[in-house]
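Take a look at the structure below.
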Amino acid sequence: MASRPPGGAGEMEMALSPSRGPSPWAESCGDVSDGGRGSRGSPTATSHLVASDDSSHQVVTFGPITAAPRRHNLDRDKNISFLLKELDCLRDINKKLQDQLVQKEKALQRREVEEELREEQREARGLERPAAVLEEVLAAQKDRDQALMSRLLLANEERDEAVLLARQLHQASELEDFHLKDSHMDVDELLQCVCDADSVQEVERFGSVLVERLQLARQRRNDITAQEMKAVMEERDFSVAKVSLLSVCLSVYLSVCLPVCPYNQTGDALVVL
1 MASRPPGGAG
11 EMEMALSPSR
21 GPSPWAESCG
31 DVSDGGRGSR
41 GSPTATSHLV
51 ASDDSSHQVV
61 TFGPITAAPR
71 RHNLDRDKNI
81 SFLLKELDCL
91 RDINKKLQDQ
101 LVQKEKALQR
111 REVEEELREE
121 QREARGLERP
131 AAVLEEVLAA
141 QKDRDQALMS
151 RLLLANEERD
161 EAVLLARQLH
171 QASELEDFHL
181 KDSHMDVDEL
191 LQCVCDADSV
201 QEVERFGSVL
211 VERLQLARQR
221 RNDITAQEMK
231 AVMEERDFSV
241 AKVSLLSVCL
251 SVYLSVCLPV
261 CPYNQTGDAL
271 VVL
């Protein structure tokens with residue numbers, strides 16, 4: 001509650017005093033410090049206390065004992081009305097101050113809320129950077145793990161390929177050893193080995209040898225047939241050439257010998273022909 005403005009009671013007393021005017025008994029009144037006793041041979045003055053609704057304000061007025069009660073009542077009414085107006089004014093001031101206080105409190109609360117929001121925003125901005133760094137670290141770790149897994153898969157594939165190649169080379173070396181060791185076996189024995197094989201590897205091994213032997217036999221037979229055909233064709237060509245030469249020789253002989261040896265009766269020339 002706002003404090004009462006200073007000088008209210010004094011101003012009120014000064015405003016009321018001129019309205020009453022000077023008292024005719026003022027000069028005959030004694031000093032207040034002598035206990036309220038007047039001088040001898042003068043009227044006795046008494047003090048009247050006018051109390052208002054506000055207990056902190058008391059107005060003391062002095063007047064004659066024989067003053068009219070109407071004027072006393074008028075002064076009291078004026079004093080009361082003035083005090084009521086002052087009270088209303090103070091109430092208005094108090095209400096305005098309370099409204100201002102409420103507005104200030106609301107403004108203060110709003111500022112506190114805004115400050116808390118700004119603080120939260122600063123904290124959020126402060127946490128955004130570590131969060132972004134953490135996300136970058138996690139993304140880099142994920143990429144590294146993926147690259148590592150890719151390298152491991154590639155290494156496993158290369159290892160499998162190397163193992164398969166080594167196995168194939170080992171099988172090829174065993175097959176070559178088998179070819180060298182079992183080259184004396186004929187086709188029937190190889191066919192019997194294929195029939196008696198207990199595993200796929202043995203079937204492939206003996207089957208490849210059998211196919212190779214059959215291919216070699218067919219190639220050998222083709223070579224022999226080609227050589228025989230070549231020899232026959234060479235013999236035929238030689239025979240044709242010989243026949244041609246003999247025909248030429250006979251023609252020459254006939255052209256030379258027939259004019260010299262005419263036809264006789266015995267027919268020797270015809271015999272020669």
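The opening position of the sequence shown corresponds to residue 1 in full-length UniProt numbering, with each subsequent residue numbered one higher. Built from N, CA and C at the ideal position, the CB exists for glycine as well. A quick note: this is a predicted structure, and the numbers were derived from the prediction, not measured.
| Check | Outcome |
| --- | --- |
| Neighbourhood of Asp223 by C-beta, 6 Å cutoff - its chain only, sequence neighbours within 5 removed | none |
| Where Ser199 falls: helix, strand or coil (DSSP) | coil |
| CB contact flag (residue 284, Leu210, <8 Å) | Because the chain spans 1 through 273 in this model, residue 284 falls outside it and cannot be assessed. |
| Residue environment, Leu101, which counts as buried when at least 16 other CB atoms sit within 10 Å | exposed |
| Any non-hydrogen atom of the ligand GDP closer than 7 Å to Gly207 Cβ | Summarising the ligand content, the structure contains no ligands, and the ligand GDP is consequently not present. |
| Beta carbon of Arg220 nearer than 8 Å to that of Leu190 | no |
| For Cys29, the three-state DSSP class (helix, strand or coil) | Any answer about Cys29 is weak, because its pLDDT of 38 lies below 50 and its placement is not dependable; what the coordinates show is given next. If DSSP states are grouped into helix, strand and coil, Cys29 belongs with coil. |
| Distance between Leu153 and Glu116 (C-alpha atoms, nearest Å) | 54 Å |
| Beta-carbon separation (whole angstroms), Ala217 vs Phe206, contact threshold 8 Å | Not really, about 16 Å apart at Cβ, beyond 8 Å. |
| Alpha-carbon to alpha-carbon, Gln141 and Arg151 | 15 Å |
| Spatial distance of Pro130 from Ala139 (CA atoms) | 14 Å |
| Exposure of Met149, with buried meaning 16 or more beta-carbon neighbours within 10 Å | exposed |
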